[in-house]
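> First, the structure itself, so that you have it in front of you.
Protein chains in written order, with our numbering: chain P, 519 to 689; chain E, 423 to 648.
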């Protein structure tokens, strides 16, 4: 928001129209304890904790994380997307940007959130096109190759954080 | 102005973000109508309310047909749409960014941790009829200590209010969350002189609107003392 104001980026990112802007703010607020919370967990529970830290993740924790993710994606589609091309209307805004990076995150662990979600996939494709496919793909390169990265990474990197991470995600 | 209705807000004063919205409307004398939604009675699940807000949460604002949820979005909308003093949500980009910085951090820090204390100590036992799980309360209190440290050392380090020398939306949202554990008779700020001083500055700036909005919480606190 600061960058959009300070550097006078095109209006659609953070509209001057106060009602449209409010809808961007509404999404940015909601997402903290919804999409961000539930989508970010997946890569930890499905990939980093079991593979990089070699700690077993109980099945019920994984199942409940996926259930929460499914619930939040449903709310996202039903309230924030509906039949609109983008969250706030006909053009991309900061809300779509913040949303797409979180929603793509589970793909890093091999969980395809777009499977059986054609509406979500179509929105993602529109966002990718609006941002520019080259930039979009470049930004997502690392997360999408996360599984391979984990194969070759130094396990010791996580040792210092293991107790905190296990406590946070598995207790 | 013909045909323009007053702003309407749907609130439950036991909810922290609802209190922030009501205080803001009152302190700035913005004409408004309040419809109370009793969460303890499940009124947020009624068909009419669900039609208004499918998320079944409060606060909700309806400004002549423009429906908005999320307290920080509502407060920012009110601050920018109506004529209120600049300090609430400054126009200056750097100063505004500070308020946005706090309101982003607020969700998973102040709000999350202070609410948990109240939920485990007061709400859950009340709703389930089970005794309080002291272990969960202690864990929530420990996590809250971390948040209070950060409030003191980061946001209040060299300034009177969270985002500068004057009160803003950040202080309003924060104070309402930090008041919540009082509903169980617990003053989480009692050993924190810096935060207590900040709190009295905030209360002073908010005058009667603060106590009015917290009347429900005070009644709950008084019951807890018995």
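Heads up, the beta-carbon is just placed ideally off N, CA and C, and yes, glycines get one too. Remember, it's a predicted structure, so these values are computed and weren't measured experimentally.
In terms of residue numbering, what span does the alpha helix (DSSP H) encompassing residue 488 (chain E) cover?
No alpha helix (DSSP H) holds residue 488 (chain E); the beta strand (DSSP E) holding it covers 488-491.
> Considering only residues of the same chain and omitting the five flanking positions on each side of residue 479 (chain E), which have a CB-CB separation below 8 Å?
Once the five neighbours on either side are set aside, the close Cβ partners of residue 479 (chain E) are 466 and 491.
> Excluding the five sequence neighbours on either side, which residues of its own chain have a C-beta within less than 6 Å of the C-beta of residue 627 (chain P), listed in chain order?
Excluding residues within five positions, the ones whose Cβ falls inside 6 Å are 560, 561, 564 and 565.
> Along the chain, where does the beta strand (DSSP E) containing residue 532 (chain P) start, and where does it finish?
No beta strand (DSSP E) contains residue 532 (chain P), which DSSP labels as neither H nor E.
> Quick one: grab the DSSP three-state call for residue 484 (chain E).
Strand at residue 484 (chain E).
> Find the residues of chain E that neighbour residue 600 (chain P), judging by a C-beta separation of less than 8 Å, and give them in chain order.
In chain order: nothing, as chain E lies at least about 11 Å away.
> Are any of the Cβ atoms in chain P nearer than 8 Å to that of residue 529 (chain E)?
By this cut-off, residue 529 (chain E) is an interface position.
> Look up residue 431 (chain E) in the DSSP assignment and give the residues it is bridged to.
Residue 431 (chain E) is bridged to E:456 and E:483.
> What in chain E is Cβ-close to residue 688 (chain P), meaning under 8 Å?
Chain E residues near residue 688 (chain P): none, gap ~14 Å exceeds 8 Å.
> What is the rounded straight-line gap between the Cα of residue 584 (chain E) and the Cα of residue 633 (chain P)?
Between residue 584 (chain E) and residue 633 (chain P), the C-alpha separation is close to 44 Å.
> For residue 586 (chain E), does the three-state DSSP call read helix, strand or coil?
DSSP places residue 586 (chain E) in strand when its eight states are reduced to three.
> Please say whether residue 431 (chain E) and residue 456 (chain E) have beta carbons closer to each other than 8 Å?
It is a contact, given that the beta carbons lie within the stated cut-off.
> Taking 8 Å as the threshold (C-beta atoms), are residue 435 (chain E) and residue 638 (chain E) in contact?
Yes, Cβ-Cβ distance for residue 638 (chain E) and residue 435 (chain E) is below 8 Å.
> Indicate whether at least one CB of chain P lies closer than 8 Å to the CB of residue 634 (chain E).
Closer than 8 Å: no.
> Who are the neighbours of residue 543 (chain P) on chain E, taking C-beta pairs under 8 Å?
Simply 492, 494, 495, 498 and 499.
> DSSP state of residue 606 (chain P), grouped into three classes?
In the structure shown, residue 606 (chain P) sits in coil (DSSP, three-state: anything other than H, G, I, E or B).
> Roughly how many angstroms lie between the CA atoms of residue 621 (chain P) and residue 644 (chain P), to the nearest whole one?
Using only the alpha carbons, I get a separation of about 14 Å.
> Just the Cα atoms here: how many angstroms apart are residue 510 (chain E) and residue 629 (chain E)?
Taking the straight line from one Cα to the other gives about 15 Å.
> Under three-state DSSP, which class holds residue 673 (chain P)?
The answer is helix: DSSP assigns residue 673 (chain P) an H, G or I state.
> Determine, using beta carbons only, whether residue 649 (chain E) comes closer than 8 Å to chain P.
This structure does not reach residue 649 (chain E), given that chain E is present from 423 up to 648, and the question cannot be answered.
> Residues in its own chain within less than 8 Å of residue 558 (chain P) by CB, not counting five upstream and five downstream?
Closer than 8 Å at Cβ, skipping near neighbours: 620 and 623.
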